[in-house]
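Sequences listed follow chains A and B, in order.
Sequential numbering from 1 applies to the first sequence in the UniProt record's numbering.
Sequential numbering from 1 applies to the second sequence in the UniProt record's numbering.
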Amino acid sequence: MFDFLIHGFDVALSPLNLGLALLGALLGTLFGALPGIGPINGIAILMPLAYTLGLPAESALILLAAIYTGAEYGGRMSSILLNVPGDAGAVMTTLDGHPLAKKGLAGPALGLSAVSSFVGATIAIIGLTLFAPLLAEVAVMFGPAEFFALMVFAFASMSVMMGKDPVKTAIGAVLGVLIGTVGVDSSTGVLRYTFGLPELYDGIDFVVMIIGLFAISEILLMLEHANRKDGNDGLPPLGRVFVSLKEVMACKWTMGRSGLIGFIIGILPGTGASVGGAVAYTTEKRLSDKDNSFGTGNMRGLAAPEAANNASAVGSFVPMLTLGIPGSGTTAVLLGALMLYNITPGPMMFSERPEVAGGLIASLYIGNIVLLALNLPLAGVFARVLTIPRWVLVPGIAILAFVGVYQLHSNLAAIYLMLIIGVFGYLLRKLGFSLAPVILGYVLGGLMEQNLRRALSISGGDLGILWQSGISLGLWIAALALLILPWLLPKLWQAKTSKA
Amino acid sequence: MRLAADRLLGIVLIGLAAFVAVQAINLEVPFSYDPVGPRAFPLGLAILLAALASVLIVKPGTNEAWPGRQLTLKLLLVLATLLVYALLYTNLGFIITSMLAVASLSRIFGASWGKALLTGGLMAVVSYFLFAHALGISLPSGYWVEPFL
Chain A
1 MFDFLIHGFD
11 VALSPLNLGL
21 ALLGALLGTL
31 FGALPGIGPI
41 NGIAILMPLA
51 YTLGLPAESA
61 LILLAAIYTG
71 AEYGGRMSSI
81 LLNVPGDAGA
91 VMTTLDGHPL
101 AKKGLAGPAL
111 GLSAVSSFVG
121 ATIAIIGLTL
131 FAPLLAEVAV
141 MFGPAEFFAL
151 MVFAFASMSV
161 MMGKDPVKTA
171 IGAVLGVLIG
181 TVGVDSSTGV
191 LRYTFGLPEL
201 YDGIDFVVMI
211 IGLFAISEIL
221 LMLEHANRKD
231 GNDGLPPLGR
241 VFVSLKEVMA
251 CKWTMGRSGL
261 IGFIIGILPG
271 TGASVGGAVA
281 YTTEKRLSDK
291 DNSFGTGNMR
301 GLAAPEAANN
311 ASAVGSFVPM
321 LTLGIPGSGT
331 TAVLLGALML
341 YNITPGPMMF
351 SERPEVAGGL
361 IASLYIGNIV
371 LLALNLPLAG
381 VFARVLTIPR
391 WVLVPGIAIL
401 AFVGVYQLHS
411 NLAAIYLMLI
421 IGVFGYLLRK
431 LGFSLAPVIL
441 GYVLGGLMEQ
451 NLRRALSISG
461 GDLGILWQSG
471 ISLGLWIAAL
481 ALLILPWLLP
491 KLWQAKTSKA
Chain B
1 MRLAADRLLG
11 IVLIGLAAFV
21 AVQAINLEVP
31 FSYDPVGPRA
41 FPLGLAILLA
51 ALASVLIVKP
61 GTNEAWPGRQ
71 LTLKLLLVLA
81 TLLVYALLYT
91 NLGFIITSML
101 AVASLSRIFG
111 ASWGKALLTG
121 GLMAVVSYFL
131 FAHALGISLP
141 SGYWVEPFL
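Laid out in structure tokens, this is it:
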């Protein structure tokens, strides 16, 4: 049953892949540490390079996954030191991390958060190893109708969990799906929404889309942050960077619980590290905040979100690898990267491409150890990265974006399109949208339509096929429950308390 | 103000939905074995989008703070820089355009003229060697420049 893992370690331990996991861990931590460049930006910028360097699929995936997990480690640095989350997953880390730094405990806070990141990720990687092959076996039974229902569930779960505004999350997802419909319709050959432009016949390219949406819009957003003058005003003194065993042991149950919570939330489609961190923090506050010290620099309040956001990042690989449904915005980008290699992840991946699935999982084990080894002693060095001024960072991102898009297409139309999408992404963010649903919609929309049409071809147009099987019916009910409950429960609650 | 922004967005989105729907209805399908065809999915999306946009008009959400006039000007300057970068990219080649674009971006993001020019020069040359030589990626050498090389 675990043949894939043994095979995977063979793949992951080859010198090239080992080197890439190391490089990815290092770059990921840097990307995570730099405010504004989260995992998605890091991957978006480097993905085209990985592709043109001609890396084999499993190597490219190992590199990109290491960047992802590394960024979840790195995101804590600016949260703790500057009170600015390095990425969305590290928002909750600011709550207790920064007060600790203010108390002069920045070093131990960095150390403890590195250890809890490690523990959280380890729990989730073991969970992934055990759970993913089982889920893949279940998923083999999925037909087009079940996949369609699954995607409806994924979108429902995303609307409820992601972002503050469910309506805008849903609108973002629909916009993403619409962008995905541009181009030739694969089953009839009809051109949709191409406006007669030959550049659009193949649809809006994935690389152009994510670099525009994330990197270019980030450049525009950074201008405002630069104006506001947060950060860059010097770092608090680190103090001793090593955290004592006693401090770690005091948080061991916190880490365990939060790792588990993070993993489970990571598996839910559409929910990423930010939700995992938030749920783990509130749970931990309820369970172990006896003296009301959460938010004032409690070590447990720091360990919980850090363990959880790393666990969520790993957990979001489960649906991606087994069902082909990304668990988070970042895994949506990874899914797109795999599609560039003509690999469509799904239930068959463990049997048909074990080197990709196994190699990735094995590399996560290795990468996680590398990350702990990098992050404990080198926290001070990474912290320096925070002082890189934006006037160096921004032109660097611009160069990488141009090189990345140009060398994939060698034409300027792709670059113009990237800039247009960048402005679109900026406006969306200003209007209070988060971009992850857009990218999830863009990646999932095409698959959703294909499965719908395939299912209805099988049934000859009878809609009943969509909820005929137990699996799909269950998914429809779960989706409906997700959409209704958050709206219904508070009302019921209110009715009850007003009666009492 | 922020109520207005979301209501406007809702109206724009309903317009988009209408556009998507009209385009979808006008798709000519020569023949198809597939009972759904290429129209149904975009039509469904248009209906969903219109419904969600209506919710937004009735119950607007929150926006981020919009940039003031000075910041908008700077944003346009950044966009202009990127656009000029793109326009000249293949004509003047990677090194020259990157120097100009980097220097301009650095300057907009608060570097002094000296630092901006230095960053531009260094970053363009270093990244050229990194990408073209170390990684073997082909970069535009510049149609206008080539005859002089």
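Yeah, the Cβ is synthetic: ideal placement off N, Cα and C, and Gly gets one too.
The structure displayed is predicted, hence computed values, not measured ones.
Near-chain B residues of the stretch 158-184 of chain A (beta-carbon distance less than 8 Å), N- to C-terminal order: Per Cβ criterion, the list reads 164, 165, 167, 168, 170, 171, 174, 175, 177, 178, 181.
Pairwise C-alpha distance: residue 34 of chain B and residue 455 of chain A: One-based indexing of the first sequence puts residue 455 of chain A at position 455. One-based indexing of the second sequence puts residue 34 of chain B at position 34. Per the coordinates, the alpha-carbon of residue 455 of chain A lies some 10 Å from the alpha-carbon of residue 34 of chain B.
Neighbouring residues, chain B, relative to residue 407 of chain A (Cβ below 7 Å): To locate residue 407 of chain A, count along the first sequence from 1; it is residue 407. Simply 137, 138.
Sequence ranges, alpha helix (DSSP H) only - wholly within the stretch 80-111 of chain A, length at least 4: If we require 4 residues or more, the alpha helix (DSSP H) runs fully inside the stretch 80-111 of chain A come out as 93-100.
Best match in A:15, A:341, A:106 for proximity to residue 242 of chain A [C-alpha to C-alpha]: Within the first sequence, the letter at position 242 stands for residue 242 of chain A. The alpha carbon of residue 242 of chain A has as its nearest neighbour, out of A:15, A:341, A:106, the alpha carbon of A:106.
At least 3 beta-carbon pairs within less than 8 Å: the stretch 97-115 of chain A vs the stretch 274-288 of chain A: Between the stretch 97-115 of chain A and the stretch 274-288 of chain A there are fewer than three inter-stretch CB-CB distances shorter than 8 Å, so the stretches are not counted as touching.
Nearest to residue 24 of chain A (by Cα), restricted to the options A:369, A:462, A:423: Here residue 24 of chain A corresponds to residue number 24 of the first sequence, with the count starting at 1. Measuring from the Cα of residue 24 of chain A, the nearest candidate turns out to be A:369.
Cβ separation of residue 248 of chain A and residue 115 of chain A, assumed to be a contact under 8 Å, to the nearest whole Å: Along the first sequence, one-based indexing puts residue 248 of chain A at 248. Along the first sequence, one-based indexing puts residue 115 of chain A at 115. Between residue 115 of chain A and residue 248 of chain A the Cβ distance is about 5 Å, and since that is below 8 Å, they are a contact.
Ordered list of beta strand (DSSP E) runs contained in the stretch 276-335 of chain A, each at least 3 residues: The qualifying runs do not exist here; there are none.
Separation of residue 100 of chain B from residue 266 of chain A, as counted between CA atoms: As a working note, residue 266 of chain A is residue 266 in the first sequence. As a working note, residue 100 of chain B is residue 100 in the second sequence. Near 43 Å, if we compare the C-alpha coordinates of residue 100 of chain B and residue 266 of chain A.
Neighbour-count burial assignment, residue 143 of chain B, 16 or more Cβ in a 10 Å radius: Your numbering for residue 143 of chain B matches position 143 in the second sequence. Its Cβ having fewer than 16 others within 10 Å, residue 143 of chain B is exposed.
Residues of its chain near residue 232 of chain A, where Cβ-Cβ distance is below 6 Å and the 5 sequence neighbours each way are ignored: Indexing the first sequence from 1 puts residue 232 of chain A at position 232. A caution first: residue 232 of chain A carries a pLDDT of 47, below 50, which makes its placement in the model unreliable, though a value can still be read off. Non-local beta-carbon contacts of residue 232 of chain A in its own chain, meaning distances under 6 Å to residues more than five positions away in sequence, are absent.
CA-to-CA distance, residue 437 of chain A to residue 470 of chain A, given in whole angstroms: Here residue 470 of chain A refers to the residue found at position 470 of the first sequence. Here residue 437 of chain A refers to the residue found at position 437 of the first sequence. Cα to Cα, the separation comes out at about 28 Å.
Residues, ordered as in the chain, of the stretch 53-72 of chain B that lie near chain A by beta-carbon distance below 8 Å: Within the stretch 53-72 of chain B, the residues whose Cβ lies closer than 8 Å to any Cβ of chain A are, in chain order, 53, 55, 56, 59, 61, 62, 63, 64, 66, 67, 71.
Contact residues within the stretch 185-213 of chain A, judged by C-beta distance below 7 Å to chain B: Within the stretch 185-213 of chain A, the residues whose Cβ lies closer than 7 Å to some Cβ of chain B are 185, 187, 188, 190, 192, 193, listed in chain order.
Test: residue 438 of chain A CB closer than 7 Å to a CB of chain B: Within the first sequence, residue 438 of chain A is the residue found at index 438, counting from 1. No, its Cβ sits nowhere closer than 7 Å to a Cβ of chain B.
Below-7 Å beta-carbon distance, residue 29 of chain B vs any chain A residue: Position 29 of the second sequence holds residue 29 of chain B. At least one chain A Cβ lies under 7 Å of residue 29 of chain B.
Limits of the alpha helix (DSSP H) - the one that residue 209 of chain A falls within: Residue numbering aside, residue 209 of chain A sits at position 209 when the first sequence is read from its first letter. From DSSP, the alpha helix (DSSP H) with residue 209 of chain A extends over 206-210.
Alpha carbon of residue 57 of chain A to alpha carbon of residue 467 of chain A, nearest angstrom: Within the first sequence, the letter at position 57 stands for residue 57 of chain A. Within the first sequence, the letter at position 467 stands for residue 467 of chain A. CA-to-CA, the gap between residue 57 of chain A and residue 467 of chain A works out to about 36 Å.
Distance, residue 28 of chain A Cα to residue 184 of chain A Cα: The residue labelled residue 184 of chain A in the question sits at position 184 within the first sequence. The residue labelled residue 28 of chain A in the question sits at position 28 within the first sequence. Cα to Cα, residue 184 of chain A sits roughly 36 Å from residue 28 of chain A.
Members of the stretch 141-156 of chain A near chain B, C-beta cut-off 9 Å: Legend: CB atoms of the stretch 141-156 of chain A lying less than 9 Å from CB atoms of chain B are not found in any residue.
Min CB distance residue 125 of chain B to chain A below 7 Å: Within the second sequence, residue 125 of chain B is the residue found at index 125, counting from 1. Chain A contact via Cβ: absent.
7 Å Cβ cut-off: residues of chain B touching residue 250 of chain A: The residue you call residue 250 of chain A lines up with position 250 of the first sequence. Simply none; closest approach about 39 Å.
Own chain residues within Cβ distance below 7 Å of residue 345 of chain A, not counting five before or after: To locate residue 345 of chain A, count along the first sequence from 1; it is residue 345. In its chain, beyond the 5 residues on either side, 320, 321, 324, 335, 338 have a beta carbon closer than 7 Å to the beta carbon of residue 345 of chain A.
Inside the stretch 332-380 of chain A only - alpha helix (DSSP H) runs reaching at least 4 residues: The stretch 332-380 of chain A contains these whole alpha helix (DSSP H) runs: 349-352, 354-375.
Contacts that residue 111 of chain B makes with chain A (C-beta to C-beta distance below 7 Å): One-based indexing of the second sequence puts residue 111 of chain B at position 111. Correct list: 391.
Length of the line joining the Cα atoms of residue 145 of chain B and residue 127 of chain B: On the second sequence, residue 145 of chain B is found 145 positions in, with the first residue counted as 1. On the second sequence, residue 127 of chain B is found 127 positions in, with the first residue counted as 1. About 19 Å.
Residue 66 of chain B: first and last residue of the uninterrupted alpha helix (DSSP H) it sits in: To locate residue 66 of chain B, count along the second sequence from 1; it is residue 66. Here residue 66 of chain B belongs to no alpha helix (DSSP H), and DSSP marks it neither H nor E.
Three or more C-beta pairs below 8 Å linking the stretch 42-53 of chain B and the stretch 67-86 of chain B: Short answer: they don't touch.
Residue 262 of chain A, DSSP secondary structure in three states: Translated into positions along the first sequence, residue 262 of chain A becomes position 262. In the structure shown, the three-state DSSP call for residue 262 of chain A is helix.
Within chain B, partners of residue 423 of chain A - CB distance below 9 Å: Taking the first sequence and counting its residues from 1, the one referred to as residue 423 of chain A is at position 423. Per Cβ cutoff of 9 Å: 79.
Extent of the continuous alpha helix (DSSP H) to which residue 462 of chain A belongs: As a first step, residue 462 of chain A must be located in the first sequence, where it is residue number 462. Per DSSP, residue 462 of chain A lies in no alpha helix (DSSP H) and is assigned neither H nor E.
Test item: CB-CB of residue 276 of chain A and residue 304 of chain A under 7 Å: Numbered from its first residue, the first sequence carries residue 276 of chain A at position 276. Numbered from its first residue, the first sequence carries residue 304 of chain A at position 304. With contacts defined by Cβ atoms closer than 7 Å, residue 276 of chain A and residue 304 of chain A do not form a contacting pair.
Reduced DSSP category for residue 127 of chain A - H, G, I as helix; E, B as strand; rest coil: Along the first sequence, one-based indexing puts residue 127 of chain A at 127. In the structure shown, residue 127 of chain A sits in a helix (DSSP, three-state: H, G or I).
Short Cβ contact (7 Å threshold) for residue 174 of chain A with residue 49 of chain B: For the purposes of this step, residue 174 of chain A is taken as residue 174 along the first sequence, with counting starting at 1. For the purposes of this step, residue 49 of chain B is taken as residue 49 along the second sequence, with counting starting at 1. Contact annotation: residue 174 of chain A and residue 49 of chain B have beta-carbon atoms nearer than 7 Å.
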